[in-house]
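Colleague: This is the structure I have questions about; it appears just below.
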Amino acid sequence: MKLIKAIVRPNKLDEVVEALRKTGVAGVTVTEVRGHGKQKGHTVVYRGNEYNVDLLPKMQVEVIVEDDVADEIIQTIIASGRTGEIGDGRVFVLPVEQSYRIRTGEPVD
Numbered sequence: 011m012k013l014i015k016a017i018v019r020p021n022k023l024d025e026v027v028e029a030l031r032k033t034g035v036a037g038v039t040v041t042e043v044r045g046h047g048k049q050k051g052h053t054v055v056y057r058g059n060e061y062n063v064d065l066l067p068k069m070q071v072e073v074i075v076e077d078d079v080a081d082e083i084i085q086t087i088i089a090s091g092r093t094g095e096i097g098d099g100r101v102f103v104l105p106v107e108q109s110y111r112i113r114t115g116e117p118v119d
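The opening residue of the sequence shown carries number 11 in this note's numbering; numbering runs sequentially from there.
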């Protein structure tokens, strides 16, 4: 199994989640996060004062999938989350060694 973590723009979240549903992904976890990469934040003017916003709002989408569909899911996230601009996000893929259902304590395949 693979844990796929994607950091996407907040305005692309609904498209990403809907695209994942269409591929048959059973479960999705979404978390509000803040960060920056090449985008490096921006400057805003509020009530005449200038502020640097270094950590930009993003959404983190996590799914656990079988190894044989991981590439399809990664491509789905990239296609649905892309705007072509700096700050579109990143996709990380990690191996999952074990998983357990909390309710029963049984291992999940």
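In this text, a Cβ means the ideal position worked out from N, Cα and C, and glycines have one as well. Quantities reported herein were computed from a predicted structural model and do not represent experimental measurements.
1. Is the CB-CB distance between residue 76 and residue 12 below 9 Å?
2. Using CA coordinates, which residue listed in 85, 114, 80 and 89 is at the minimum distance from residue 105?
3. Cα separation between residue 109 and residue 103?
4. When you compare each of 57, 94 and 30 to residue 39 by their alpha carbons, which one comes out closest?
5. Can the beta-carbon of residue 91 be found less than 9 Å from the beta-carbon of residue 44?
6. Determine, using beta carbons only, whether residue 15 and residue 71 come nearer to each other than 9 Å.
Modeller: A quick look at the data gives this:
1. yes
2. 80
3. 16 Å
4. 30
5. no
6. yes
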